[in-house]
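First the structure, in the form of structure tokens, and then the observations on it.
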């Protein structure tokens, strides 16, 4: 529906079960400054406008190789003749066997599309899946599709799964079109996605995941390496274009926050970033700036995920940096535990609550987001310069100042009570026709709570008065 | 992290369980031409550039009002002292009781944020939820949050749920930022979302939904009315700004496609759009253009969802239009059944397969997407003018020409075989440690299939050779 300008970066959009349609808009735009997530100070290029026509350049439709005739089915089901064929206007119905699922359907349609239009696998910059078929509550279909890109080495592909009944396809199309029009199209984000089973939720009847803890830590660190490498490469390219040929290091970030499964992981991760800087540094810089790491020269990132000597040396070498750039961000995690999807943003709130607007003004905050399965991005926030009273920054920082007070106002429960409540959660998980037990006065004022799940699983909520 | 220019439209981003962080970037941009989804021909305004700083203006953090001390838990769990407090770096852990779930957490954090920063409910243009907590496989958390906006009458709020383990928060932040930078920010889309239980999947252990068929049809038609009204209002405003004070009607769309649960629903929907046009028309136009509808003057949209006389008259009045603008789009649905998330795009492919590039060139295709729960949008595609051999349009249209041949090459299965295969799907749904039965030669060449699910639910796929 639109001119193909140049197939530099493409977008794929997938939809769901039984049949599939995929869309491939493309646009050409020179590498541009990413205002949202950049740590650089390169001015906006003159090309920072919307591309003229963003749209669908290719479609791929897949349907199963078998169908049942609807006249036959009317007879078999003993319904009046014409119920399906006239009443629904349907003559045949395709259906999948047990050999196919949402992952296989999407694998098929993506590969068919790529082969047909001969699009190089390393030219795709975004791939998003719209589906209402969930076979894992945590691991996105998108991560499975990354298998197809493996040989090309392209893992920097944004976009993930989007869901709401039959609307997911349209939501992902809109997201894809917005991405094409935005500065993110070739912006300053390092993304790494791949297909692994480190933490996932295949048992839909349980609230709990399947976890391979050791694998997950290794995946997290590998994704961190990959994302940071990609981010550094992109920002250095931008600097080069602006005439400055310097390496990017952690010194260019005043703060660094991480997805926090547990606090120790974050300290290890900052140390890991320092190791990345160390390996990229010149021999002289290695000697002068990275005391205690001399023994680890010449190692490769991918060989060092379980090197305990290196870990120890890195933790020591990065301790000061950790105290200065990252420690404050762990405040909520320390006092509240793993916050999962909101973890990184809990770290951001913690950081803001521990610094003044004046301290933060003008700084750059590096951010690493990780979701098992896996999808990860390294990006950064630039804090505005204006820290004057009443400024947006001042207001934002002030709003986080009550975190310690709010945390202190919580009620301490005994391990016995905690266990009892966890058992209740298991007992009521996916139950219908019940009202949750418990005193709503134990909630903070202004908290919404589940009042009732009726016999048809419809959920009703009420709010505790402020 | 950014100046608040003017709080005209805002964006909320939510994350997940236990604690919540929400983000509110905002930008100011005059109503702009939406290149992707417009049916108008208003030229691009000079303001069609990225806003200068898109970012986070407000954060809201929620955590449960109860925690368990980690030293206590170490003793209770009989693990070595320091395992949680030193090993994980965690002193306290918050947890939710059975009274709270992902919906209640998100309700709380959105309402708290809106109240605290005193943002009018009708000023929000996008709200997206990033979560890894699925309590319904189909109905998005976002639809539940629409309850909060009910009194304001604001249902035109884009964005839906985004998932992949802990990455969903970051994916939704990126999507939100892209939206802010794109022309969609105040583009030509009519969206309607609300909290209803018309079709949903609360039983996670089953592949099948809970459906209230009658309610779902009414919701679909109501959403269609609302989206079309909103779309028409926006496009007419743009036309007015360009100096043309004319009403938008179906005549301005050469084709019209719909999400298709079943084909008859679509014919009824096109008729419904004509009724919208009829009610908005002047008395003279009503008489001259809409034969047979005179008796229905002065009715209100919301009173006519079950008016059978009206339905009959509308179907008759719109039959020619249906044959011309919509019928071809039902080709795949007729021969393959409900395609769910990909339905609308299957209609697009069908339409392309039934018209030549020359016929399509320069046309506008209206599109209505519906997902139960509910989320719906009315938008449009503009087909490029160039239909010459080898043009992108020519290639796209050609690529769909093999649909009839491909559909005809499917194998017809008996109702007995169909039933047997459906039973197999139930039997193997969420089973671990199995290889799906069946002959992979029954799949189309080049189809991916599920080869094995191992004892840890890890899924392995293979491809049938081309």
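Residue numbers (the working numbering), protein chains in the order written: chain A, 105 to 570; chain B, 105 to 570.
Don't be surprised by glycine CBs; every beta carbon is placed ideally from N, CA and C.
As the structure is a computational prediction, the values presented were derived from the model and not from experiment.
Ends of the beta strand (DSSP E) at residue i?
i: residue 567 of chain B; result: 563-567
i: residue 197 of chain A; result: 196-198
i: residue 516 of chain B; result: 515-517
i: residue 170 of chain A; result: 170-173
i: residue 163 of chain A; result: 163-166
Since residue i meets chain B, which of its residues come closer than 7 Å, beta carbon to beta carbon?
i: residue 294 of chain A; result: Neighbours of residue 294 of chain A on chain B: none; closest Cβ ~12 Å, over 7 Å.
i: residue 312 of chain A; result: The premise fails here: residue 312 of chain A is roughly 12 Å from chain B at the closest Cβ pair, so nothing lies under 7 Å.
i: residue 565 of chain A; result: 207, 208, 211
i: residue 329 of chain A; result: Correct list: empty, because the minimum Cβ distance to chain B is about 17 Å.
i: residue 283 of chain A; result: 282
i: residue 548 of chain A; result: 169
i: residue 519 of chain A; result: 172, 176, 177, 180
i: residue 540 of chain A; result: 202, 203
Can you tell me where the alpha helix (DSSP H) holding residue i begins and where it ends?
i: residue 421 of chain B; result: 412-421
i: residue 388 of chain A; result: 387-393
i: residue 555 of chain A; result: Element bounds for residue 555 of chain A: not the alpha helix (DSSP H) but the beta strand (DSSP E), 552-557.
i: residue 274 of chain B; result: 272-285
i: residue 351 of chain A; result: Segment: none, residue 351 of chain A is in no alpha helix (DSSP H) and carries neither H nor E.
i: residue 381 of chain A; result: 367-384
i: residue 463 of chain B; result: 461-464
i: residue 571 of chain B; result: Absent from the model: residue 571 of chain B. The displayed extent of chain B is 105 to 570, so no value can be given.
i: residue 158 of chain B; result: Unbroken run through residue 158 of chain B: none, as it is neither H nor E.
i: residue 213 of chain B; result: 206-221
i: residue 510 of chain B; result: 507-512
i: residue 441 of chain A; result: Where residue 441 of chain A is concerned, there is no enclosing alpha helix (DSSP H), given that its DSSP letter is neither H nor E.
i: residue 193 of chain B; result: Careful: residue 193 of chain B lies outside any alpha helix (DSSP H) and carries neither H nor E.
i: residue 251 of chain B; result: 245-253
i: residue 450 of chain B; result: 447-457
I'd like to confirm the pairing. Which residues does DSSP put opposite residue i in its beta bridges?
i: residue 469 of chain B; result: B:359, B:485
i: residue 343 of chain B; result: In the DSSP output, where bridge partners are listed per residue, residue 343 of chain B has none listed.
i: residue 297 of chain B; result: B:479
i: residue 303 of chain B; result: B:315
i: residue 538 of chain A; result: A:557
i: residue 474 of chain B; result: B:480
i: residue 268 of chain A; result: A:270
Can residue i and residue j be called in contact, C-beta distance under 8 Å?
i: residue 197 of chain A; j: residue 542 of chain B; result: no
i: residue 171 of chain A; j: residue 212 of chain A; result: no
i: residue 242 of chain B; j: residue 477 of chain B; result: yes
i: residue 444 of chain A; j: residue 236 of chain B; result: yes
i: residue 296 of chain A; j: residue 331 of chain A; result: yes
i: residue 262 of chain B; j: residue 229 of chain B; result: yes
i: residue 162 of chain A; j: residue 500 of chain B; result: yes
i: residue 370 of chain A; j: residue 434 of chain A; result: yes
i: residue 282 of chain A; j: residue 275 of chain A; result: no
i: residue 225 of chain B; j: residue 256 of chain B; result: yes
i: residue 344 of chain B; j: residue 294 of chain B; result: no
i: residue 271 of chain A; j: residue 326 of chain A; result: no
How would you list, in chain order, the residues of chain B whose beta-carbon sits under 9 Å from the beta-carbon of residue i?
i: residue 439 of chain A; result: 167, 171, 194, 195, 196, 197, 198
i: residue 163 of chain A; result: 449, 452, 453, 456, 500, 503, 504
i: residue 528 of chain A; result: 201, 202
i: residue 525 of chain A; result: 170, 199, 200, 201, 202
List the residues of chain A that residue i touches, going by C-beta distances under 8 Å, in chain order.
i: residue 324 of chain B; result: Those within 8 Å of residue 324 of chain B in chain A number zero; the least Cβ separation is about 10 Å.
i: residue 264 of chain B; result: 266, 267, 268, 271, 272, 275
i: residue 247 of chain B; result: 268
Residues of chain A with a CB under 7 Å from the CB of residue i: which are they?
i: residue 412 of chain B; result: The premise fails here: residue 412 of chain B is roughly 15 Å from chain A at the closest Cβ pair, so nothing lies under 7 Å.
i: residue 479 of chain B; result: 268, 271
Under 9 Å between beta-carbons, which chain A residues line up against residue i? List them in chain order, please.
i: residue 534 of chain B; result: 239, 306, 307, 308, 309
i: residue 229 of chain B; result: Result: empty, since nearest Cβ-Cβ is about 12 Å, beyond 9 Å.
Would you say the beta carbon of residue i is closer than 7 Å to some non-hydrogen atom of the ligand GDP?
i: residue 195 of chain B; result: Questions concerning the ligand GDP fall outside what the structure shown contains, since it holds no ligand whatsoever.
Pull out every residue of the region 173-205 of chain B whose Cβ sits closer than 7 Å to any Cβ of chain A, in chain order. Listed in chain order, the positions of the region 173-205 of chain B with a beta carbon within less than 7 Å of a beta carbon of chain A are 173, 176, 177, 180, 191, 192, 193, 194, 195, 196, 197, 198, 199, 201, 202, 203, 204, 205.
Residues of the region 491-512 of chain B in Cβ contact with chain A at a cutoff of 9 Å, in chain order, please. Residues passing the 9 Å Cβ filter: 495, 496, 497, 499, 500, 503, 504, 507, 510, 511.
Closer than 7 Å between beta carbons: that is the criterion. Which residues of the region 460-471 of chain A meet it against chain B? Residues passing the 7 Å Cβ filter: none.
With 7 Å as the limit, tell me which residues of the region 357-386 of chain B have their beta carbon closer than that to any beta carbon of chain A; keep them in chain order. Only those residues of the region 357-386 of chain B whose C-beta falls short of 7 Å from the nearest C-beta of chain A are listed: 363, 366, 367, 368.
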